[in-house]
Amino acid sequence: MPLNRLLTLGVGACTAVALSVPIAAAPASATPSHHRTGGSLVLVGGALADDNAEVYDDIVRLAGGRGKARIGIVTAGAPVPAEDPDADTPDCNNSVCNGDYYAKLFRSYGVADAQWIPIDLDHPGAAEDPKVVAQINSMSGFFFGGGDQYRYVTTMTRGTAQRDSAALAAVRRKLRGGAVVAGTSAGAQIMAGRDMITGGSTEPGLRDGAKPGYFDDADVLGYLPKGGFGFFTAGLLDTHFSRRGREARSIRLASDTHHPRVFGLDENTALEVTGVGGRSESLRVLGQRGVSVLDLRRARVTDTGGVWGIEGVRWSRLTAGDAYRANGWRVVVAAGKAPVTAVDGPCTVPASDDVFYDYALVGLAEGLAGQAGCASVGGTSYEKDPQWAARLTRGYGFAAYRAGESTTFTDVVIGIAKA
């Protein structure tokens, strides 16, 4: 997708202040019992390329196939035209032109019909409009675009209890009935259950911890206790994951909110979830990069000179074709991937001086897998107030596999502390 279409968290964010919201165990919309086996999710970590046929074809297939699929496009997370200085140009980046863009793109992948669902901040009543509900009911699949996930909360839920609007209730029914619901970036994040992340930078988040609410300050690690739409409840979600070095911020959020598991979605990569909410729910990775699973069940929070830290986070990273059994916490490596054989000799993996950015931790883990002489690898944060150190070691279940340029690994142990 062209750069002018890459919507990232916080772009065009609506004016807001920190919310004061009580911690809830789980919203009604986030309980698995709301979903009958049959519906599917395709959750993309952002920066979904127009030519990623593997992901687009999968969405179309799950929506009924070429010539049959009918896709509803929801772009309520984007700025509205009045907020877009390029609204009347080919460089536009707003809810209306993005809806048209995705509709044309899905038609190029053979769908019978693709339509924009006119819900955004310019149309505050649309999510209760019977005509919009009828439009949703005519679709076999949905695609939620990027932007700011809090705008989806604002436009498609009602009140502090975040009750379903008529439109969201209709999408929920379609998912229960077997439809596919896909999303990229904020459009994937909004599918999360309780404690959905609303923003935040890694180093400030590590330093200050997670806070309930939505904040104009992009550094604040914010989360919404009642969550997003609650379609995905196997763990916390985060997007643009290793590209933006969000492993650490997700670990801090999970620790502070007592979640044992995080799913981190890399860019141009999808986590396909079939049988949503049922006992046979199955997860599979599609696309260019990987999906990380962070396991905090045995993690231990530490304190070094009054600075938060953590030890014992277990990290597995799945790449294209790999599956994950959420109920058993089990990685299923795709057939044909060769085990990585570590090379003997001294460890030559260099320490990173910007460990929370641009696949730095992934590169270190790959180095750990490839060199037998490395007992541990790591690096330090770019920020120095305080400066953080991250250390990776092999867990008891450590293994690595390769196919082409992609490395799958399991049970890398992460520790984070003051440098």
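Start counting at 1 in the sequence shown, then tack on 290, and there's your number in my numbering. The beta carbon of each residue, even a glycine, is placed where N, CA and C say it ideally should be.
Contact check for Gly489 against Gly512 passes: the beta carbons are separated by less than 8 Å.
Closest option to Arg453, judged by alpha-carbon separation, among Gly517, Gly329 and Val563: Gly517. With a cutoff of 8 Å on beta-carbon distance, Gly355 and Thr529 are scored as not near each other.
Arg551 and Ala524 do touch by the CB rule: their CB atoms are close to 7 Å apart, below 8 Å.
Scanning its chain for C-beta atoms nearer than 8 Å, with the 5 sequence neighbours on each side dropped, one finds around Asn342 the residues Asn558, Gly577 and Gln578, in chain order. When rounded, the separation of the alpha-carbon atoms in Leu465 and Ala560 is 18 Å. The Cβ atoms of Phe434 and Ile349 do not sit closer than 8 Å to each other.
Unbroken beta strand (DSSP E) runs of no fewer than 3 residues, entirely contained in the region 387 to 456, are found at 403 to 406 and 431 to 434, following chain order. With contacts defined by Cβ atoms closer than 8 Å, Ser475 and Gly520 do not form a contacting pair. As DSSP reads the structure, Tyr691 sits in a beta bridge with Pro629 and Thr698.
Taking the Cα positions, Gly657 is about 17 Å away from Arg533. With a cutoff of 8 Å on beta-carbon distance, Ala709 and Ala665 are scored as not near each other. Distances from the alpha-carbon of Gly468 to those of Arg692, Cys637 and Gly328 put Gly328 closest. Under DSSP, no beta-bridge partner is assigned to Ala478. Ala368 is positioned such that its CB atom lies no closer than 8 Å to that of Ile409.
Here Ala628 is exposed: its Cβ has fewer than 16 other Cβ atoms, across all protein chains shown, within 10 Å.
Counting along the chain, Arg579 sits inside no alpha helix (DSSP H), nor does DSSP assign it H or E at all. For Gly595, the closest alpha carbon among the candidates Ala707, Arg360 and Ala689 is that of Ala707. Secondary structure of Glu673 (DSSP, three-state): strand.
Looking from the CA of Leu514, the closest CA among Val563, Met481 and Gly389 belongs to Met481. According to DSSP, Glu562 shares a beta bridge with Val332 and Arg574. Following the DSSP letters along the chain, one finds Val623 in no alpha helix (DSSP H), marked with neither H nor E. Contact between Val621 and Thr697 is ruled out by a C-beta separation of about 13 Å, above the 8 Å threshold. Per the C-alpha coordinates, the member of Gly626, Val603 and Val639 positioned closest to Phe688 is Val603. Assigned with DSSP and collapsed to three states, Tyr649 falls in coil, not helix or strand.
Closest option to Leu458, judged by alpha-carbon separation, among Val667, Cys382 and Gln425: Gln425.
Bounds of any alpha helix (DSSP H) do not take in Ser666, whose DSSP letter is neither H nor E. Cβ-Cβ separation between Ala393 and Ile363: approximately 5 Å, consistent with a contact (criterion under 8 Å). Annotation: Trp619 to Asp438 spans about 30 Å, alpha carbon to alpha carbon. Gly512: not part of any alpha helix (DSSP H); member of the beta strand (DSSP E) spanning Gly512 to Leu514, first to last residue.
Distance from the CA atom of Leu555 to the CA atom of Val386, rounded to whole angstroms, is 26 Å.
For the set Arg360, Thr379 and Arg441, the Cα lying nearest the Cα of Asn427 is the one of Arg360. Distance from the CA atom of His549 to the CA atom of Met486, rounded to whole angstroms, is 11 Å. Counting the other Cβ atoms within 10 Å of the Cβ of Val581 gives 16 or more, which makes it buried.
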